[in-house]
Each structure stands twice: as C-alpha cells, then as structure tokens.
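Residue numbers (numbering that gives the first Met the number 0): 0 to 328.
Backbone N, C-alpha and C define an ideal beta-carbon position, used for all residues, glycine too.
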Amino acid sequence: MTRTPVNVTVTGAAGQIGYALLFRIASGHLLGADVPVNLRLLEIPQGVKAAEGTAMELDDCAFPLLRDITITDDANKAFDGANVALLVGARPRTAGMERGDLLQANGGIFGPQGKAINDHAADDIKVLVVGNPANTNALIAQRNAPDVPADRFTAMTRLDHNRAVAQLAKKLGVTVNEVKRMTIWGNHSATQYPDIFHAEVAGKNAAAEVNDEKWLAEEFIPTVAKRGAAIIDARGASSAASAANAAIDHVHTWVNGTAEGDWTSMGIVSDGSYGVAEGIISSFPVTCKDGKFEIVQGLEINEFSRARIDASVGELIEERDAVQELGLI
Ligand SMILES: NC(=O)C1=CN([C@@H]2O[C@H](COP(=O)(O)OP(=O)(O)OC[C@H]3O[C@@H](n4cnc5c(N)ncnc54)[C@H](O)[C@@H]3O)[C@@H](O)[C@H]2O)C=CC1
Ligand SMILES: O=C([O-])CC(=O)C(=O)O
Numbered sequence: 000m001t002r003t004p005v006n007v008t009v010t011g012a013a014g015q016i017g018y019a020l021l022f023r024i025a026s027g028h029l030l031g032a033d034v035p036v037n038l039r040l041l042e043i044p045q046g047v048k049a050a051e052g053t054a055m056e057l058d059d060c061a062f063p064l065l066r067d068i069t070i071t072d073d074a075n076k077a078f079d080g081a082n083v084a085l086l087v088g089a090r091p092r093t094a095g096m097e098r099g100d101l102l103q104a105n106g107g108i109f110g111p112q113g114k115a116i117n118d119h120a121a122d123d124i125k126v127l128v129v130g131n132p133a134n135t136n137a138l139i140a141q142r143n144a145p146d147v148p149a150d151r152f153t154a155m156t157r158l159d160h161n162r163a164v165a166q167l168a169k170k171l172g173v174t175v176n177e178v179k180r181m182t183i184w185g186n187h188s189a190t191q192y193p194d195i196f197h198a199e200v201a202g203k204n205a206a207a208e209v210n211d212e213k214w215l216a217e218e219f220i221p222t223v224a225k226r227g228a229a230i231i232d233a234r235g236a237s238s239a240a241s242a243a244n245a246a247i248d249h250v251h252t253w254v255n256g257t258a259e260g261d262w263t264s265m266g267i268v269s270d271g272s273y274g275v276a277e278g279i280i281s282s283f284p285v286t287c288k289d290g291k292f293e294i295v296q297g298l299e300i301n302e303f304s305r306a307r308i309d310a311s312v313g314e315l316i317e318e319r320d321a322v323q324e325l326g327l328i
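What follows is the structure in structure tokens.
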C-alpha cells in the first residue's frame, strides 16, 4: 500500500455521531479499503479528553488503514492540509426546540471553521456539513471561505434520502436496492420534500406503483420529514448511527460516483436550477463522477412537487436572510 494518506478532519469528534463515525472512517468505509487515512479531530476544550478516549479505542482496533490521529481544539490546526472535512460538531436540537433557535447558537461555530478551511485546507478539500441546521451552517462556512470553490461545500440530506428509500421499499414490499432515483429537495428540516415522482422501483415509476396520493401526502412525506424528531422522542437523543452512516454514504458517493442510471441527494450551492434561489444551499438530485457532482437536469416538476419545493426553499431563504442580518455571512 503506497498511497499517500488522506487527511480527514472531523469536528465534534467526541459527540455521539463522532463515536459512530470515526471507526468506520478508520476501517476504510469512507474512502475505500485501499486508502490510508490520517484523522484530525476537532473538539471544544471540554470535549478534548473524551476525544482522546475515542482515539485510544481507535488505536486498540489496530486498523491497518489508520496512519495518524491528531486531537486539537484549534480549528487552524485541525483543518491544516485537510482533504475531507466532516463538520459534525454543533449544538444538537433537543425535544421541543425549533430549528430557527439553532441559527444563532451555531452561526458562530461555522464562520470561523469556514475561514480556517479557507486558510489551511488542501486544494482538493471536500466539506460535508452534518451539524444542524446543516444547510445554513454549510452556507455560513462556504461564505467564509471565499478562496475555496463553492461546490466543495455540501450539506447532508443523505440521511433523509436513505430514510425515504427505506420507507418506499417497505410500502411496496421490495428490498431497498430495488429503489433508484429518490430525490430530497430543499432543507434538512421538516419542510424537506422527498420526491418519488421520478423514483423507480424495480425499473417502474414509484409514484405510479404506489398510486396513493393520500399515503404520499399524509404518511410518506411526514414520516420521512419528521423522522429526526421521532427518533429524538423515542431515543431521548438524536439519530447517531444512521447519521454517521449517511455521512459515510455521502462522501463515499461524492468521491467514488453514483451507479449508472441512479442518483443521490446532496445539499449543494444552488445554481438556480429548478427555480431554486441561486446561492442558497439546497438539496438536489445529483449524479457524481470523478469526485464532482452535477444536478440532474430536465425533470418535470408537477404541481404537487412545485408547492413543496417552493415551501422548503422559502424556509432556506428565510434562514439565509436571518444569518445575513446577524452578520454571519
Ligand atoms: N444533517 C443530518 O441529517 C443530521 C444532523 N445531525 C446534527 O449533527 C450534530 C451533531 O450531533 P451529535 O453528535 O448527536 O451531537 P453531540 O452533542 O453528541 O456532539 C456534538 C459534539 O460537538 C462538539 N462541538 C460543539 N461545538 C464544537 C465546535 N465549535 N468545534 C468542535 N466541536 C464542537 C461537542 O463538544 C460535542 O462533543 C447536531 O447538530 C445534530 O442536530 C444529527 C442527525 C442528522
Ligand atoms: O434534528 C436533529 O438533531 C436530528 C436530525 O437532524 C435528524 O435525525 O434528521
């Protein structure tokens, strides 16, 4: 194995998603079974000791691909030479807390981290923001990194995508690998729109196979969109293993590509496609190839979908305006 190790920075490394994520990165699930990694763990000072404990466990796994672990509370050091950055550390939503309340609490974290990425990351940096509100946190980071191409900043809607695939497969009594071309539009929030009108199940149109608009509007969409809150209610803590799994999927697909004939969902800087306001970070259907993504073009958007996409995009515009007023972008 002669490859140069890839530097992977993880913020919030001592948190619950961090604990579910780091072992999978170190064992090769993020980038591939032949890609060695250096881990750079960023925590707040109070989190450093717990991160050190996790690092001890990582050592104890004797992962052949794990070359080096750095633990720090200094963002400039954590992002120095970073090729992949997973921005997980944030203030998680707790029961009853609205997403809007999180903007102020998280805004101060993602500006300085964006600047540290701008000043210190490697030229090929790829950033995934997981910490909520993920789309707007990603926007804050991206706007604070003017020297980094905007398309290197993404927000995670892959968990929503995977949830939608699983719910649709259950409804139709098929396995998840028979579901293709699922799309999540908009914000990683309760307004997100999981769209099955272009999805395929065993090669057939999913919406036609379901043929039940009441189920779509009253069960499928709310179940997917409010799954995060349902998990918090049931577990007393937010999704961790499934969120870590989605982060792995997101980066793996970005780096290694989507399968022929399929696509995935990623929160990316809008170029105005599908009438989504330019510049906000919104989820789109994308294909990935050679480490780059492209929005799937030419999909017909029916009235049902249009109203829901517009509602979620409207929320993202409000969030953008709010962080603009706070001087965060
Ligand atoms: N986009 C998505 O689909 C999902 C997003 N999330 C979000 O992911 C985030 C993390 O969730 P958990 O790991 O469960 O939370 P957690 O509270 O267990 O861990 C967060 C960690 O981040 C650290 N942290 C806080 N500020 C930091 C900073 N400035 N720099 C570095 N580290 C910092 C904390 O010390 C803590 O260890 C939350 O915002 C949560 O809402 C969770 C599930 C899905
Ligand atoms: O709201 C949260 O903290 C958890 C979350 O994003 C999700 O599970 O989708």
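Considering only residues of the same chain and omitting the five flanking positions on each side of residue i, which have a CB-CB separation below 6 Å?
{"i": "Met0", "result": "Only weak support exists for where Met0 lies, its pLDDT of 48 falling under 50; the value from the coordinates is given anyway. No residues qualify anywhere along the chain."}
{"i": "Val275", "result": "Ser269, Ser281, Val312"}
{"i": "Ala115", "result": "Ala74, Asn75, Phe78"}
{"i": "Gly46", "result": "Ala13"}
{"i": "Arg307", "result": "Tyr192"}
{"i": "Ala243", "result": "Ile16, Ala19, Leu20"}
{"i": "Ile279", "result": "Ser269, Leu315, Arg319"}
Which residue from the options puts its Cα closest to that of residue i?
{"i": "Ile87", "options": "Thr3, Ala154, Gln166", "result": "The sequence given here places Val at residue 87; Ile does not occur at that position. It is Ala154 whose Cα lies nearest to the Cα of Val87."}
{"i": "Phe62", "options": "Arg23, Gly80, Asp100, Gly52", "result": "Arg23"}
{"i": "Val322", "options": "Glu51, Ile294, Ala50, Ala104", "result": "Ala104"}
{"i": "Ala121", "options": "Trp253, Thr8, Thr71, Gly271", "result": "Thr8"}
{"i": "Lys170", "options": "Asn210, Glu259, Ala133, Thr135", "result": "Asn210"}
{"i": "Ala168", "options": "Asn136, Ala206, Thr190, Gln141", "result": "Ala206"}
{"i": "Thr10", "options": "Leu38, His28, Pro4", "result": "Leu38"}
{"i": "Gly260", "options": "Glu317, Leu64, Val178", "result": "Val178"}
{"i": "Ile300", "options": "Trp184, Glu218, Ala258", "result": "Trp184"}
{"i": "Val173", "options": "Glu199, Ala149, Thr182, Asp194", "result": "Glu199"}
{"i": "Ala144", "options": "Ile68, Val164, Gly113", "result": "Gly113"}
{"i": "Arg226", "options": "Ala163, Thr263, Leu298", "result": "Ala163"}
{"i": "Ala133", "options": "Val175, Ala165, Arg90", "result": "Arg90"}
{"i": "Gly297", "options": "Lys291, Asn6, Asp289, Tyr273", "result": "Tyr273"}
{"i": "Trp262", "options": "Gly271, Lys203, Phe292", "result": "Phe292"}
When DSSP builds the beta bridges, which residues end up paired with residue i?
{"i": "Ile183", "result": "Pro193"}
{"i": "Val128", "result": "Leu86, Ala154"}
{"i": "Asp67", "result": "Asn37"}
{"i": "Lys291", "result": "Lys288"}
{"i": "Thr263", "result": "Val285"}
{"i": "Val268", "result": "Ile280"}
{"i": "Lys203", "result": "Val200"}
{"i": "Asn210", "result": "Paired residue(s): none; Asn210 is not in a bridge."}
{"i": "Val5", "result": "Val36"}
{"i": "Val178", "result": "Val200"}
{"i": "Thr10", "result": "Leu41, Leu86"}
Pull up the CB-CB distance for residue i and residue j, whole angstroms please, since I reckon it's below 8 Å.
{"i": "Arg2", "j": "Asp33", "result": "7 Å"}
{"i": "Leu20", "j": "Leu85", "result": "7 Å"}
{"i": "Thr156", "j": "His187", "result": "5 Å"}
{"i": "Ala228", "j": "Val129", "result": "In fact, because the Cβ distance is near 17 Å, the residues do not count as touching under 8 Å."}
{"i": "Arg180", "j": "His160", "result": "At roughly 11 Å, the Cβ-Cβ gap does not stay under 8 Å, so Arg180 and His160 are not in contact."}
{"i": "Ile328", "j": "Leu138", "result": "6 Å"}
{"i": "Leu158", "j": "Ser241", "result": "6 Å"}
{"i": "Met265", "j": "Val295", "result": "Wrong, their Cβ atoms sit about 11 Å apart, outside the cutoff."}
{"i": "Ala189", "j": "Ala224", "result": "5 Å"}
{"i": "Gly326", "j": "Cys287", "result": "The pair is not a contact, with the Cβ atoms about 34 Å apart (cut-off 8 Å)."}
{"i": "Gly290", "j": "Val254", "result": "6 Å"}
{"i": "Asp194", "j": "Ser304", "result": "6 Å"}
With a threshold of 7 Å on Cβ separation, who are the neighbours of residue i within its own chain once the five nearest residues in sequence on each side are excluded?
{"i": "Ile124", "result": "Ala81, Asn82, Ala84, Ile116, Val147, Arg151"}
{"i": "Gly106", "result": "Ile139, Val322, Leu325, Leu327"}
{"i": "Ala333", "result": "For the chain, the structure presents residues 0 to 328; residue 333 sits outside this window and is missing."}
{"i": "Val175", "result": "Val164, Ala165, Ala168"}
Suppose the cutoff is 8 Å on Cβ atoms and the five residues either side in sequence are ignored; what does the same chain contact list for residue i look like?
{"i": "Ile43", "result": "Asp72, Gly88"}
{"i": "Ala50", "result": "Ala12, Ala13, Gly17, Leu40, Glu42, Ile70"}
{"i": "Gln15", "result": "Ala236, Ser237, Ala239"}
{"i": "Gly314", "result": "Checking the displayed sequence, the identity of residue 314 turns out to be Glu instead of Gly. Only Gly185, Asn186, Ser188, Thr190 meet the Cβ criterion."}
{"i": "Thr53", "result": "Ala12, Ala13, Gly17, Tyr18, Leu21, Leu40"}
{"i": "Pro111", "result": "Ala74, Asn143"}
{"i": "Leu57", "result": "Leu21, Phe22, Ala25, Leu38, Leu65, Ile68"}
{"i": "Ile220", "result": "Tyr192, Pro193, Arg307"}
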